[in-house]
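Report on the following structure.
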Amino acid sequence: MLIGVMSDSHDNLPKIKKAVEIFNRKKVSLVIHAGDYVSPFSLDLLDNLECPYKGIFGNNDGEKAGLIKKSNNRIKESPQEWEIYGKKVLVIHNFKDIGHALKKQHFDIIIHGHTHIPEIYRDGSCLIVNPGECCGWVKKKSSVALIDTEKMAAEIIEF
1 MLIGVMSDSH
11 DNLPKIKKAV
21 EIFNRKKVSL
31 VIHAGDYVSP
41 FSLDLLDNLE
51 CPYKGIFGNN
61 DGEKAGLIKK
71 SNNRIKESPQ
81 EWEIYGKKVL
91 VIHNFKDIGH
101 ALKKQHFDII
111 IHGHTHIPEI
121 YRDGSCLIVN
131 PGECCGWVKK
141 KSSVALIDTE
151 KMAAEIIEF
């Protein structure tokens, strides 16, 4: 199955719209957002996804109650451990906070954001993915990631 991953959208509506278009074109089965939506109104564009989405809060998500309500309770506190398509997945906004300690629990996939730097690497059998920043404001490049859970491979898509 193909999972779309985004993070750090920071209310940049044109970039969120573009990310949704990419995910729909790639026919992802699920989108995971690794935090920093910022305001509830930015979730309106995620309703255009042709698949479900869920995510976690980032450090800039101040309107948590509004985000929870607008997302129909699909956004949770960070970190979250989810079973997705038979894989044990950790989703955390700031990997530095507790991510390295949690790695010892053996996850198949770890998804994080916060740094605005896209990266894909392995630690043993664990696939670690940071999609970079959707907003494009800090690093001047917008990006999302795709994870193929069958091949246990990922790619970054810049736009």
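Numbering follows this note's numbering, with no gaps: position 47 of the sequence shown is 47.
Positions of the beta carbon are idealized from the N, C-alpha and C atoms, including for glycine.
These numbers were taken from a predicted model, which means no experiment stands behind them.
If residue i sits next to residue j, beta carbons under 8 angstroms apart, how far is it from one beta carbon to the other, in whole angstroms?
i: Tyr53; j: Leu46; result: 5 angstroms
i: Cys126; j: Phe107; result: 6 angstroms
i: Ile111; j: Val91; result: 5 angstroms
i: Gly113; j: Gly58; result: 6 angstroms
Could you name the residues of the same chain whose beta carbon sits closer than 6 angstroms to that of residue i, not counting the 5 residues immediately before and after it, in chain order?
i: Lys70; result: Pro40, Leu43
i: Gly136; result: Lys15, Ser142
i: Lys17; result: Leu45
i: Tyr85; result: Met1, Thr149
i: Val38; result: His10, Asp11, Asn60
Look up residue i in the DSSP assignment and give the residues it is bridged to.
i: His53; result: The sequence shown places Tyr at residue 53, not His. Bridge partners of Tyr53: Val31.
i: Tyr121; result: Ile128
i: Gln80; result: Val91
i: His112; result: Ile92
i: Ile156; result: Ala145
i: Leu2; result: Asp148
i: Ile75; result: Gly55
What's the C-alpha gap between residue i and residue j?
i: Leu67; j: Ile75; result: 7 angstroms
i: Leu30; j: Leu13; result: 20 angstroms
i: Asp148; j: Ala154; result: 6 angstroms
i: Val89; j: Glu150; result: 14 angstroms
i: Val138; j: His116; result: 7 angstroms
CB-CB under 8 angstroms to residue i, same chain, minus the five flanking residues each way: which ones, in chain order?
i: Ile56; result: His33, Ala34, Gly35, Ile75, Lys76, Glu77, Ser78, Pro79, Gln80, Val91, Ile92, His93
i: Leu146; result: Leu2, Ile3, Gly4, Val5, Lys26, Val28, Ala154, Glu155, Ile157
Which residues in the same chain as residue i place their Cβ atom closer than 7 angstroms to its Cβ, once the five residues preceding and following it in sequence are excluded?
i: Asn24; result: Leu49, Glu50
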